[in-house]
């Protein structure tokens with residue numbers, strides 16, 4: 143389980159595993175003022191939670207964040223209980 147917090151970068155490209163699948167993390171609108179996540183998507187699908195599993199990213203993909211000046215409630219899903 144990976145927990146999401148506000149990114150500190152505009153873009154990061156990560157190579158995953160031996161096959162080097164690529165995970166791209168993009169942060170749009172990031173600035174000193176725009177430090178809050180207002181929306182997120184994983185492979186083009188809205189992400190309504192502040193976490194994701196390794197299974198969701200093990201084959202690479204794109205995580206995109208949109209940033210704003212005020213906190214929102216974009217992360218409406220609860221953490222999984224185990």
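In the numbering used here, the protein residues as written are 143 to 224. The C-beta atom is built at its ideal place from N, Cα and C for all residues, glycine as well.
Asked                                                                                                                                                      : Found
Within 10 angstroms of the Cβ of residue 151, are there 16 or more other Cβ atoms? Answer buried if so, exposed if not.                                    : exposed
Taking the C-alpha atoms as reference points, what is the distance between residue 148 and residue 182?                                                    : 11 Å
Tell me the rounded alpha-carbon separation between residue 166 and residue 160.                                                                           : 17 Å
Considering only residues of the same chain and omitting the five flanking positions on each side of residue 209, which have a CB-CB separation below 7 Å? : 169, 170, 171, 172, 176, 177, 178, 179, 180
Would a C-beta distance cut-off of 9 Å place residue 194 and residue 204 closer than the cut-off?                                                          : no
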